[in-house]
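Here the sequence shown is numbered in UniProt numbering, starting from 1 and rising by one per residue.
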Amino acid sequence: MSAFPENSSSALQTYCHQQGVKVRTLTPTICLYHSALYILNEVICRQDVIIPELMKKLDILGDNGNLRNEEQVAVIQAGTVISLCEKWLKQIDNTEVALSQKMIDLENDKELFSKQKGFLEEELDYRKQALDQAYMRIQELEATLHTALQQDEPACRAVAESLGERQREELQLAVDKLRRQMLRQSRQYDSQILQERMELLQKAQQRIRELEDRIDLQKRQIKEIEEKVVDLQELYLKLTMSFILWP
Numbered sequence: 001m002s003a004f005p006e007n008s009s010s011a012l013q014t015y016c017h018q019q020g021v022k023v024r025t026l027t028p029t030i031c032l033y034h035s036a037l038y039i040l041n042e043v044i045c046r047q048d049v050i051i052p053e054l055m056k057k058l059d060i061l062g063d064n065g066n067l068r069n070e071e072q073v074a075v076i077q078a079g080t081v082i083s084l085c086e087k088w089l090k091q092i093d094n095t096e097v098a099l100s101q102k103m104i105d106l107e108n109d110k111e112l113f114s115k116q117k118g119f120l121e122e123e124l125d126y127r128k129q130a131l132d133q134a135y136m137r138i139q140e141l142e143a144t145l146h147t148a149l150q151q152d153e154p155a156c157r158a159v160a161e162s163l164g165e166r167q168r169e170e171l172q173l174a175v176d177k178l179r180r181q182m183l184r185q186s187r188q189y190d191s192q193i194l195q196e197r198m199e200l201l202q203k204a205q206q207r208i209r210e211l212e213d214r215i216d217l218q219k220r221q222i223k224e225i226e227e228k229v230v231d232l233q234e235l236y237l238k239l240t241m242s243f244i245l246w247p
């Protein structure tokens, strides 16, 4: 039979009622004693509960031949509750380890996507620089051709004189057409590369946001698990106090 002070509504008392454990109200004298034990409980709450030692104490208490039938039932029920709590704690520990590992994996994925984003940006800059260099080369070739045609050397002059006015215009039109075509292809290629890289970057950013949301969710779950562990420790301590207050 577990003992609780009058007008108390602890989590242990509620749990005992749900599990069918008989609860007896403490007398005023014991309530005063409980006030002193409450201070002790506040100190013990800062310590870890060793379940095997608590089970050993219950076994010693259960071997007491002076216990009444209802007291023996209470000891058995208390041992069952502690065994269940121990099982829950193990499950919580395993879940917390799995969540911690999952968080590490998510952080690694996030870092990988960030690196891929940086690589894509560098590749885009490299392609753009290569296109700019190709355009500069075209301009240099055009200038070289124009300079060669304007020179007075015999070979250049012979070539220039061999070209009629119409041929000169056709050559100039061909050069202009080639230049516009190269510029148009350069812009199209540049635009295509930019669009593809932007799509990849957007996907990478979306993936990073999803990973960050999952990491936040894992952190909240771990926090809830830690709070449950604290609640279970308080449950153990209150159960221990109930046996200390046994008449």
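Idealized CB from N, CA, C, for every residue including glycine. Remember, predicted model here, so these are calculated numbers, not experimental data.
Rounded straight-line distance, which links the Cα of residue 107 to that of residue 215:
8 Å
Q: Answer yes or no: do residue 109 and residue 211 have a C-beta to C-beta separation smaller than 8 Å?
A: yes
Let me know the secondary structure DSSP gives residue 63 once reduced to three states.
-> Looking at residue 63 - three-state DSSP - the assignment turns out to be coil, as it is neither helix nor strand.
task: With DSSP collapsed to three states, give me the class of residue 137.
output: helix
Is it buried or exposed for residue 82, if we count other Cβ within 10 angstroms and need 16 for buried? buried
Worksheet item: For residue 331, which of 120, 225 and 114 has the nearest alpha-carbon?
Response: Here the chain comprises residues numbered 1 to 247, so residue 331 is not present and cannot be evaluated.
Check: Assuming residue 117 and residue 190 make a contact with CB atoms under 8 Å, what is their CB distance in whole Å?
Finding: That pair is no contact at about 20 Å.
| request: Check residue 68 in the structure and name its three-state DSSP category. | output: When DSSP states are grouped into helix, strand and coil, residue 68 belongs to the coil group.
> How many Å lie between residue 123 and residue 222 at the Cα?
Replying inline: Using only the alpha carbons, I get a separation of about 40 Å.
Beta-carbon proximity of residue 62 to residue 77, cut-off 8 Å | no
Quiz item: Hey, out of 130, 88, 66 and 69, whose CA is closest to residue 235's CA?
Solution: 88
Under 8 Å, do residue 92 and residue 229 count as touching if we go by C-beta distance?
yes
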